[in-house]
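Asks: After the structure tokens below, expect a handful of questions from me.
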Amino acid sequence: MPELEGVSHRDVEAAGIRFHVAEAGTGDPVVLLHGWPQHWYCWRKVIPLLADGHRVICPDLRGFGWSDAPAGAYDKQTLADDVVAILDALELERVDLLAHDWGAWIGFMLALDHPDRIAHYVALNIYPPWAEPPSARGLLGLWRVLYQLAISAPGIGSALIRRTDFVKRLIRAGAVHKDAWSAEVLDTFSAVLREPARADATVHLYRTFLLRELRPYLAGANRSRRLHVPTLLLHGMRDLAVDYRRLGEWEAHADQMAVELREDSGHFIAEELPDFVAARAQALFAGGSPADVIASPAPERG
Numbered sequence: 036m037p038e039l040e041g042v043s044h045r046d047v048e049a050a051g052i053r054f055h056v057a058e059a060g061t062g063d064p065v066v067l068l069h070g071w072p073q074h075w076y077c078w079r080k081v082i083p084l085l086a087d088g089h090r091v092i093c094p095d096l097r098g099f100g101w102s103d104a105p106a107g108a109y110d111k112q113t114l115a116d117d118v119v120a121i122l123d124a125l126e127l128e129r130v131d132l133l134a135h136d137w138g139a140w141i142g143f144m145l146a147l148d149h150p151d152r153i154a155h156y157v158a159l160n161i162y163p164p165w166a167e168p169p170s171a172r173g174l175l176g177l178w179r180v181l182y183q184l185a186i187s188a189p190g191i192g193s194a195l196i197r198r199t200d201f202v203k204r205l206i207r208a209g210a211v212h213k214d215a216w217s218a219e220v221l222d223t224f225s226a227v228l229r230e231p232a233r234a235d236a237t238v239h240l241y242r243t244f245l246l247r248e249l250r251p252y253l254a255g256a257n258r259s260r261r262l263h264v265p266t267l268l269l270h271g272m273r274d275l276a277v278d279y280r281r282l283g284e285w286e287a288h289a290d291q292m293a294v295e296l297r298e299d300s301g302h303f304i305a306e307e308l309p310d311f312v313a314a315r316a317q318a319l320f321a322g323g324s325p326a327d328v329i330a331s332p333a334p335e336r337g
């Protein structure tokens with residue numbers, strides 16, 4: 036496991052399995068949720084910035100990092116329920132939330148299902164719960180999910196993850212600022228996924244999405260649901276996986292939500308623009324409205 040100054044580690048029993056949790060700082064609790072193909076260490080540049088005044092809590096999701104990787108379908112509702120169980124185990128009634136990629140998808144589910152538990156929410160590079168209506172432009176963007184088809188394919192997905200540099204190449208392909216990634220950091224993310232149970236978890240994560248979750252999402256399963264949690268979506272415009280032009284009709288479904296686009300970042304915005312992400316999160320968590328937060332000057336890349 037990589038080390039980070041000021042961060043402690045412990046295991047938490049929740050939802051019948053063991054979760055690894057990294058923690059730093061003291062103060063009001065902030066939960067950080069990673070996406071694929073990462074774990075808690077994706078927040079290595081953000082944790083020190085938020086830990087000055089917050090208790091920062093970074094769990095590894097089921098199947099990731101150093102948490103258990105039980106067999107199963109890895110539907111996103113189960114992963115969201117896991118997070119609620121972790122909050123209960125840590126005796127946290129209400130938290131601020133910062134999340135990326137699949138963690139951000141789960142974060143939207145938490146904000147919709149448990150608005151009493153989430154005070155403010157910052158999502159990074161993910162589609163909101165309300166899909167854009169089908170269009171020819173959307174069909175032209177299907178190339179963006181080809182990697183998901185490869186990962187979810189029986190036999191092929193596990194082999195790609197365990198026996199090739201697929202994970203490293205995918206991260207590098209989505210990088211705008213190449214200096215954000217060292218060989219050691221890439222090894223940290225790829226090595227743990229080579230374990231058979233974790234490789235299988237990744238395969239089932241994507242297979243479940245493509246076979247069971249994507250169609251209801253595109254059909255508007257969340258159209259009648261309204262977001263009451265103040266929410267800010269930060270999105271790198273050079274994201275190869277999530278198209279900023281297809282973020283959907285979120286304005287009609289949220290009480291307080293704003294979107295801020297950054298041309299100088301790709302998918303992994305927390306690692307490419309950590310000062311920006313931390314500053315926006317701190318401003319929202321302090322009680323600023325999402326619209327006011329994005330109206331203030333953004334910090335330059337450090």
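If you're matching positions, the sequence shown starts at 36 in our numbering and goes up one per residue.
A virtual CB, placed ideally from N, CA and C, is assigned to each residue, including glycine.
Three-state secondary structure (DSSP) at Arg242?
Replies: Note: Arg242 maps to helix in three-state DSSP.
Asks: May I ask which residues mark the beginning and end of the alpha helix (DSSP H) holding Arg45?
Replies: Not the alpha helix (DSSP H): Arg45 falls in the beta strand (DSSP E), residues Ser43 to Ala49.
Asks: For the candidate residues Ile186, Asp131, Val157 and Val65, whose alpha-carbon lies nearest to that of Arg242?
Replies: Ranking Ile186, Asp131, Val157 and Val65 by Cα distance to Arg242 puts Ile186 first.
Asks: Are Trp140 and Trp71 close, meaning C-beta to C-beta below 8 Å?
Replies: No. Outside cutoff.
Asks: Quick one: Cα of Ala194 to Cα of Asp116, how far?
Replies: Spanning the two alpha carbons is a distance of roughly 29 Å.
Asks: Please report the residue range of the beta strand (DSSP E) in which Val157 lies.
Replies: Segment Ile153 to Leu159, the beta strand (DSSP E) holding Val157.
Asks: Is there contact between the region 219-234 and the region 254-271, where contact requires at least three CB pairs shorter than 8 Å?
Replies: Output reads no: the region 254-271 does not touch the region 219-234.
Asks: What three-state label does DSSP hand Arg258 in the structure shown?
Replies: Three-state result, Arg258: coil.
Asks: Count the CB pairs spanning the region 73-82 and the region 144-156 that are closer than 8 Å, and state whether there are at least three.
Replies: Contact between the region 73-82 and the region 144-156 is absent, because fewer than three Cβ pairs lie under 8 Å.
Asks: Suppose you measure from the CA of Leu296 to the CA of Ala49; what does that come to, to the nearest Å?
Replies: Spanning the two alpha carbons is a distance of roughly 36 Å.
Asks: In three-state DSSP terms, what is Pro94?
Replies: Here Pro94 sits in strand by DSSP.
Asks: For Gly338, count neighbouring Cβ atoms within 10 angstroms of its own Cβ and tell me buried if that reaches 16, exposed if not.
Replies: The structure shown has nothing for residue 338, since the chain only spans 36 to 337.
Asks: Using a Cβ-Cβ cut-off of 6 Å (strictly less than) and excluding sequence neighbours within five positions of His74, which residues of its own chain qualify?
Replies: Within the same chain, His74 has close Cβ partners Asp95, Phe99 and Gly100.
Asks: Buried or exposed for Ala326, going by 16 or more other Cβ atoms inside 10 Å?
Replies: By the 10 Å Cβ count, Ala326 comes out exposed.
Asks: Short of 6 Å in beta carbon distance, which residues of its chain neighbour His270, apart from the five on each side in sequence? Order them along the chain.
Replies: Once the five neighbours on either side are set aside, the close Cβ partners of His270 are Asn160, Tyr279 and Leu296.
Asks: Taking only three categories from DSSP, how would you classify Arg53?
Replies: Arg53: strand per DSSP, three-state reduction.
Asks: What do you get for Pro21, buried or exposed, if any count of 16 or more other CB atoms within 10 angstroms of its CB means buried?
Replies: Residue 21 is absent from the structure shown; the chain starts at 36 and stops at 337.
Asks: Opposite Pro64 in the DSSP bridges: which residues?
Replies: DSSP lists Arg90 as partners of Pro64.
Asks: What do you reckon, are the CB atoms on Gly209 and His135 nearer than 8 Å?
Replies: No, these two residues do not count as a Cβ contact at 8 Å.
Asks: Look at the alpha carbon of Pro309 and the alpha carbon of Gly283, and state the distance between them as a whole number of angstroms.
Replies: Those two C-alpha atoms are separated by around 26 Å.
Asks: So, helix, strand or coil for Val130, using DSSP?
Replies: Strand at Val130.
Asks: Closer than 7 Å by C-beta to Val47: which residues in its own chain qualify, once you throw out the five before and the five after it? Chain order, please.
Replies: Excluding positions up to five away in sequence, the list reads Phe54, Val56, Ile121, Ala124 and Leu125.
Asks: Where does Glu9 fall in DSSP's three states?
Replies: Residue 9 is absent from the model: the chain starts at 36 and stops at 337.
Asks: Please specify which runs of the alpha helix (DSSP H), each continuous and at least 4 residues long, are wholly inside the region 201-234, giving them in chain order.
Replies: Whole alpha helix (DSSP H) segments, 4+ residues: 201-208 and 218-228.
Asks: Of all the options Ala108, Thr266 and Ser300, which has the alpha carbon lying nearest to the alpha carbon of Gly323?
Replies: Nearest of Ala108, Thr266 and Ser300 to Gly323, Cα basis: Thr266.
Asks: Tell whether a beta-carbon distance below 8 Å holds between Ala289 and Leu262.
Replies: Their beta carbons are under 8 Å apart, which means Ala289 touches Leu262 by this criterion.
Asks: How many Å lie between Asp87 and Ala59 at the Cα?
Replies: Each residue's alpha carbon lies about 9 Å from the other.
Asks: Quick one: grab the DSSP three-state call for Gly142.
Replies: Three-state DSSP puts Gly142 in a helix.
Asks: Output the distance between the C-alpha atoms of Leu319 and Met292, rounded to the nearest integer angstrom.
Replies: One C-alpha to the other measures close to 11 Å.
Asks: I need the DSSP call for Thr266, collapsed to helix, strand or coil.
Replies: Thr266 falls in the strand class under three-state DSSP.
Asks: Is the Cβ-Cβ distance between Val65 and Val130 less than 8 Å?
Replies: Taking 8 Å as the Cβ cut-off, Val65 and Val130 qualify as a contacting pair.
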